[in-house]
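Enquirer: The structure is given below, and queries will be raised subsequently.
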Amino acid sequence: LQNDEEIQAFLNPDYDRDFHDPFLMRDMERACVRLYEAIDNNEKIIIYADYDCDGIPGAVILSDLLKKIDYKNFEVYIPQRNSEGYGLNLEAIEKFVDSGAKLIITIDLGITAVAEVAQAEVDGIDVIITDHHLPHEILPRAYAILNPKVDDYPEKMLCGSGVMFKFVQGFIKKYGEYFKIAPGWEKWSLDMAGLATLSDMVPLIGENRAIAYFGMKVLRKSQRPGLQKLLA
Numbered sequence: 008l009q010n011d012e013e014i015q016a017f018l019n020p021d022y023d024r025d026f027h028d029p030f031l032m033r034d035m036e037r038a039c040v041r042l043y044e045a046i047d048n049n050e051k052i053i054i055y056a057d058y059d060c061d062g063i064p065g066a067v068i069l070s071d072l073l074k075k076i077d078y079k080n081f082e083v084y085i086p087q088r089n090s091e092g093y094g095l096n097l098e099a100i101e102k103f104v105d106s107g108a109k110l111i112i113t114i115d116l117g118i119t120a121v122a123e124v125a126q127a128e129v130d131g132i133d134v135i136i137t138d139h140h141l142p143h144e145i146l147p148r149a150y151a152i153l154n155p156k157v158d159d160y161p162e163k164m165l166c167g168s169g170v171m172f173k174f175v176q177g178f179i180k181k182y183g184e185y186f187k188i189a190p191g192w193e194k195w196s197l198d199m200a201g202l203a204t205l206s207d208m209v210p211l212i213g214e215n216r217a218i219a220y221f222g223m224k225v226l227r228k229s230q231r232p233g234l235q236k237l238l239a
C-alpha cells in the first residue's frame, strides 16, 4: 500500500467503491444470458465444482441462487479427489449426457480442459467456465469463460468462489427484477465467497479485501445451520 488513499481504502472497505462491475468480465453478458435461457427452458444444469474450500463454497453460491428462484432441475457434482482427480473428466461428462444435461457450469476449474469441453460441446452440452487459474496456450472453446486472468477484469487475483460471486452478482443485476430478487440479495452469499477467499490464500487487497471483510460480517449473521453449529 503506497499512499494514504490506498491505506484508507484498505482500512475502511466500502461495498459500492470496492466491488467492480461484474460486466467488466468479457463473457459476463453471454454467461448470464445462457443461464437465463437454461432456466427459461427448464434445462438440466450441472454445477461442476472443485472438491476444496474454494470450489465447494462456489457451488453453494450458485445453488443458493437457483433455490432462490425455485429452480429445481440442477445437480451439484463434485469429483472424487482420489479416483477422479482435479478438473473436468470425460467419464463424468458421459454421465451428464445420459442424464439429459444441457449446461455445465464449472467452479474453480476448467480453464485448461480443452478436450473435455470439446467433448461436452460435441455431445450437445454447453459449458460456462468460471475459474481463476492460469490458462494454457489454447483456451477451451467453451460457451463462455469467466476468468479474470484471461480478460480485462481489474481484480486479477479473485479466488474461484470470488469469480462465481461475480457471476451471481451479474445475473442479479441483469435479471434480478424479472425473478423478483431484491437488489443486493447476493450479499448474503459473501459468507461463502469470504470463506473461500481466505481458504485459497489469495492476496487480501483490492476487491479480495472487501470480499473477506464483508464476508466475515455476513458469516457472523449466517443462517446456515452447519455454520451456526460450527461457530457456536
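When we follow the numbering used here, the leftmost residue of the sequence shown carries the number 8, and every step to the right adds one.
Every residue, glycine too, gets a C-beta built ideally from N, C-alpha and C.
Here the structure is a predicted model, which is why all the values come from computation and not from measurement.
(1) Which partner residues does A108 have in the DSSP bridge list?
(2) Going by Cα to Cα distance, which pick from Y58, L165 and C39 is closest to A151?
(3) Helix, strand or coil: how does DSSP classify T204 here?
(4) Quick check on Q176: buried or exposed, where buried means 16 or more other Cβ atoms within 10 Å of its Cβ?
(5) Using the rule of at least 16 other Cβ atoms within 10 Å of the residue's Cβ for burial, across every protein chain shown, is S196 buried or exposed?
(6) When the Cα atoms are used, what is the spatial distance from D25 to E214?
(7) Just the Cα atoms here: how many angstroms apart are N154 and L238?
(8) Tell me which residue opens and which closes the beta strand (DSSP E) that L153 is part of.
(9) How far does the alpha helix (DSSP H) with I14 in it reach, from first residue to last?
(10) Less than 7 Å separating the Cβ of G191 from some heavy atom of the ligand FAD?
(11) Where does E162 sit, in a helix, a strand or coil, going by DSSP?
(12) Using only the alpha-carbon positions, how far apart do D130 and P161 sit?
(13) From K194 to I63, what does the alpha carbon distance come to, in whole angstroms?
(14) Among W192, R37, D57 and G117, which residue has its Cα nearest to the Cα of L141?
(15) Give me, in chain order, the residues of the same chain whose beta-carbon lies closer than 8 Å to that of V124; leave out the 5 immediate sequence neighbours on both sides.
(16) Quick one: give me the first and last residue of the beta strand (DSSP E) that V83 is part of.
(17) In this structure, does DSSP put A189 in helix, strand or coil?
(18) Using a 10 Å radius around the Cβ and a threshold of 16 neighbouring Cβ atoms, would you call S168 buried or exposed?
(19) Given that a residue counts as buried once 16 or more other Cβ atoms are within 10 Å of its Cβ, and exposed if not, what is R240?
Expert: Once the coordinates are examined:
(1) K51
(2) C39
(3) helix
(4) buried
(5) buried
(6) 6 Å
(7) 32 Å
(8) A151 to L153
(9) D11 to L18
(10) As for the ligand FAD, it is missing from this structure, which has no ligand bound.
(11) coil
(12) 35 Å
(13) 18 Å
(14) G117
(15) L95, G117, V134, I136, P147, R148 and A149
(16) F81 to Y84
(17) coil
(18) buried
(19) What is shown of the chain runs 8 to 239, which leaves residue 240 out entirely.
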